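Same order as they appear, the protein sequences are chains A and B. Sequential numbering of the first sequence, starting at 0, is according to numbering that gives the first Met the number 0. Sequential numbering of the second sequence, starting at 0, is according to numbering that gives the first Met the number 0.
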Amino acid sequence: MSDTIATDSLFSVEERKVLHELVGMIVPSSVTHSVPGADDEIIFADILDSARANDAQIHKGIAHALSCGLGSDVPLKQLQSELEGHPAMTPLVSLVMQCYYRDERVMVSLGIEPRAPFPNGFELPQDDWSMLDAVQNRGKIWRDA
Amino acid sequence: MELRTWCRVKEINVGEDGLASGVTYFDAGGVEQFQPDNVVIMACNGVGTPRILLNSVSEQFPGGLANSSGLVGKNLMLHPYASIQGVFDEPLDGYRGPHDSIWSQEFYETGKERDFVRGFTYETTRGRGVVATALTGVHTGRIPWGAGHHDAYRKLFNRIAGVVAICEDLPEEHNTVTLDPNIKDAHGIPAPRMTYSISDNSQKMLDFAVARAPETLRAAGATDLIIEQPLAGGGWHLMDTARMGTDPQKSVVNEWGRSHDVKNLFVVDGSIFVTSAGVNPTRTIQTLALYITDQIKKRLTHLFD
């Protein structure tokens with residue numbers, strides 16, 4: 000869950016509702032692959048929180064989606080064809096991809112352990128800097144001024 | 000040494016003797032300050048350096064500081080890239096480890112049989128991570144929204160590897176950094192304006208790189224190609240705009256980085272490049288910075304002669 004409280008939100012209740020619908024349309028959940036959609040509670044909270052870095056562009060994306068009929072009775076297929084690939088949607092879609100594909104459940108579904116792959120160990124003993132031995136033994140690679 | 004962070008230089012000031020007397024800057028609190036000094040060394044790169052120089056207007060230097068040649072802000076060079084990625088059937092495991100690996104400079108030098116001068120470096124890229132694959136896929140239309148998203152993603156993830164070509168852009172005076180007549184930053188300092196178009200020569204390099212790379216990728220087993228040129232999201236390194244040279248009419252700084260016009264003003268960044276090379280510029284900038292500071296040290300007794 001995000002630490003963001005409602006009064007800190009960049010988005011109104013209505014905007015959040017629209018955005019929630021939109022991200023679920025972009026990446027829906029999949030039973031076949033055992034993954035949540037981008038409208039999953041945790042992922043959506045990450046999207047809301049991460050939107051702060053580029054909120055003006057995200058608002059533009061929401062506005063464009065609304066202008067195309069999101070939230071109305073426009074058929075989903077028609078709505079998707081109008082929105083998908085439109086330049087106004089690019090920052091928002093990038094944000095959704097960034098947040099969705101760093102979700103631990105999604106990474107696990109791809110066969111990736113949700114951590115840096117190297118070194119082979121995971122928890123290094125405190126004060127064990129032996130990984131740097133090779134670097135220190137190499138000596139200086141620059142000359143004195 | 001004292002490092003002052005969150006500061007922004009407004010201009011370099013000049014004394015009656017024609018030497019730089021220090022810099023006027025806004026501190027972290029937005030308060031205008033003056034820092035006097037005997038030597039000013041600029042390290043603001045291909046946009047920041049000409050911006051400050053052009054903003055440093057005085058009676059002695061009405062066209063901007065160190066600009067008697069008229070070349071401050073001229074000849075802006077970038078690095079247009081082409082990206083040619085192959086999609087392979089088998090998992091590549093390429094997202095583990097360093098992104099770049101082998102380079103090829105087979106087409107780096109001018110080739111008489113080609114219709115452009117100079118050339119480029121191919122940098123092989125091992126593969127893309129989880130997020131990068133998604134971004135590539137959705138923005139090239141290979142991964143759709145909706146129900147087909149997950150299957151399409153899994154056809155691309157861990158199956159992309161290829162090359163990027165970093166092209167040696169050449170200096171052309173119409174590519175410039177100037178001061179925007181209207182836009183100012185938060186401190187009221189005129190903003191830089193970049194004017195740039197890819198030259199015919201660079202475009203031919205890009206086209207050639209895109210034409211030849213698939214030979215290797217297909218031979219390695221690629222079944223599909225993802226091509227982007229110029230690569231929008233990378234490679235636009237900032238060079239020239241305060242070029243180095245021995246002739247004061249054709250360059251801004253001399254052969255050891257000192258301004259021809261202002262004898263205690265030095266530049267140690269990418270703006271002093273005269274060609275761009277088909278490689279990333281940082282190590283060359285570092286080398287030039289070391290070289291110029293060595294020169295300052297060696298010439299200390301007659302630095303301003």
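Idealized CB from N, CA, C, for every residue including glycine. The structure displayed is predicted, hence computed values, not measured ones.
Residues that L155 (chain B) contacts on chain A, provided the C-beta gap is smaller than 9 Å: The premise fails here: L155 (chain B) is roughly 11 Å from chain A at the closest Cβ pair, so nothing lies under 9 Å.
Determine whether the beta carbon atoms of G234 (chain B) and Y107 (chain B) lie at a separation below 7 Å. no
Go ahead and label H186 (chain B) buried or exposed: buried means 16 or more other beta carbons lie within 10 angstroms of its beta carbon, across all protein chains shown. exposed
What three-state label does DSSP hand A133 (chain A) in the structure shown? helix
Sort B:A288, B:D168 and B:I182 by Cα distance to M78 (chain B) and report the nearest one. Just to set this straight, residue 78 (chain B) is His in the shown sequence, not Met. Nearest C-alpha to H78 (chain B): B:D168.
So, under 8 Å CB-CB, L64 (chain B) and I11 (chain B) are touching, yes? Tell me the CB distance rounded to an integer number of Å. 6 Å
On a CA-only basis, which of B:V273, B:G256, B:I284 and B:T283 is nearest I315 (chain B)? Give me that one, please. With chain B covering 0 to 304 only, the question about residue 315 (chain B) has no answer from this structure.
Within this structure, are the beta carbons of G269 (chain B) and N44 (chain B) separated by less than 7 Å? yes
Report the residues of the region 21-44 of chain A with a CB closer than 8 Å to any CB of chain B, ordered along the chain. M24, I25, V26, P27, S29, T31, H32 and V34
Integer-rounded CB distance, given that C67 (chain A) should sit under 8 Å from E83 (chain A): Actually they are not in contact, since the Cβ atoms of E83 (chain A) and C67 (chain A) sit about 11 Å apart, beyond 8 Å.
Any idea which residues DSSP pairs P191 (chain B) with across the strands? B:L178
Is the beta carbon of M238 (chain B) less than 7 Å from the beta carbon of S275 (chain B)? yes
Keeping to the same chain, check which residues put their C-beta closer than 6 Å to that of Q294 (chain B); ignore five residues upstream and five downstream. W255
Does DSSP classify R113 (chain B) as helix, strand or coil? coil
Reference S20 (chain B), options B:I40, B:T120, B:V130 and B:T109, closest by Cα: B:I40
With DSSP run on the structure shown, which of helix, strand or coil describes F33 (chain B)? strand
CB-CB length for G23 (chain A) against A37 (chain A), believed under 8 Å: 6 Å
Spatial distance of R127 (chain B) from H148 (chain B) (CA atoms): 18 Å
On a Cα-Cα basis, can you pick out the residue from B:Q228, B:V267, B:S57 and B:R282 that is closest to Y80 (chain B)? B:Q228
Kindly say whether K139 (chain A), judged by its beta-carbon, lies nearer than 7 Å to any beta-carbon of chain B. no
Work out the CA separation of A212 (chain B) and G140 (chain B) for me, nearest whole Å. 22 Å
Identify the residues that DSSP records as bridge partners of L224 (chain B): which are they? B:G85
For V30 (chain A), count neighbouring Cβ atoms within 10 angstroms of its own Cβ and tell me buried if that reaches 16, exposed if not. exposed
Within chain B, partners of V94 (chain A) - CB distance below 9 Å: Reading the sequence as shown, one finds Leu at residue 94 (chain A) and not Val. Simply none; closest approach about 10 Å.
Would you verify that the beta carbon of Q97 (chain A) is, or is not, closer than 7 Å to some beta carbon of chain B? yes
Please list, in chain order, all residues of the same chain as D246 (chain B) whose beta carbon is under 6 Å from its beta carbon, the five residues on each side excluded. none
Whose C-beta lies closer than 8 Å to the C-beta of N54 (chain B) among residues of the same chain, with five residues either side of it excluded? K9, E10, G63, L178, I188 and P189
Which first and last residues belong to the alpha helix (DSSP H) in which A164 (chain B) is found? Not the alpha helix (DSSP H): A164 (chain B) falls in the beta strand (DSSP E), residues I159 to C166.
Buried or exposed, going by whether 16 or more other CB atoms sit within 10 Å of the CB of D92 (chain B)? exposed
Does DSSP put L302 (chain B) in a helix, in a strand, or in coil? coil
Would E83 (chain A) pass as an interface residue toward chain B - the criterion being a Cβ-Cβ separation below 7 Å? yes
Go ahead and label H343 (chain B) buried or exposed: buried means 16 or more other beta carbons lie within 10 angstroms of its beta carbon, across all protein chains shown. Nothing can be reported for residue 343 (chain B), as the shown portion of chain B is limited to 0 through 304.
Enumerate in chain order the residues of its own chain whose CB-to-CB distance from S33 (chain A) is below 7 Å, with the five nearest sequence positions on each side excluded. S108
How would you write the range of the beta strand (DSSP E) that L75 (chain B) sits in, first residue to last? Premise fails: L75 (chain B) is in no beta strand (DSSP E) and is neither H nor E.
Under 7 Å between C-beta atoms of T215 (chain B) and V176 (chain B): no
Backbone CA spacing between R51 (chain A) and L9 (chain A) [nearest angstrom]: 7 Å
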